[in-house]
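I have placed the structure first, in the form of structure tokens, so that the comments after it can refer back to it.
In our numbering, the protein residues as written are 39 to 113.
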């Protein structure tokens with residue numbers, strides 16, 4: 039299954055237009071947490087307030103499969 043990881047808040051959407059191929063939703067969640075940890079390493083010192091941001095896992099049809107709040111996931 040193909041999943042896309044979109045970064046969203048109430049004002050902006052950073053759309054993943056490539057996505058990744060995963061075997062199931064649990065694998066997608068693992069990939070998403072890895073992406074969140076990479077964001078933390080790259081931008082943790084630059085972007086201090088992640089409140090309101092989510093990493094959404096979306097299927098090709100656009101259905102939301104899971105959402106991680108970044109403020110919680112990054113701390």
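Backbone N, C-alpha and C define an ideal beta-carbon position, used for all residues, glycine too.
Limits of the beta strand (DSSP E) - the one that residue i falls within
i	result
residue 105	102-107
residue 49	Segment: none, residue 49 is in no beta strand (DSSP E) and carries neither H nor E.
Host alpha helix (DSSP H) of residue i (start-end)
i	result
residue 94	Unbroken run through residue 94 is the beta strand (DSSP E), 92-96; no alpha helix (DSSP H).
Three-way DSSP call (helix, strand, coil) for residue i in this model
i	result
residue 80	helix
residue 121	Because the chain in this structure spans residues 39 to 113, residue 121 falls outside the shown range and cannot be described.
residue 56	coil
Through-space distance from residue j to residue i, alpha-carbon basis
i	j	result
residue 41	residue 48	22 Å
residue 113	residue 68	Residue placement at residue 113 is poorly supported in this model, since its pLDDT is 47, which falls under 50; the coordinates still yield a value, given next. Roughly 17 Å between the two C-alpha positions.
residue 107	residue 95	12 Å
residue 70	residue 79	14 Å
residue 93	residue 54	10 Å
8 Å Cβ cutoff met for residue i and residue j
i	j	result
residue 63	residue 52	no
residue 73	residue 103	no
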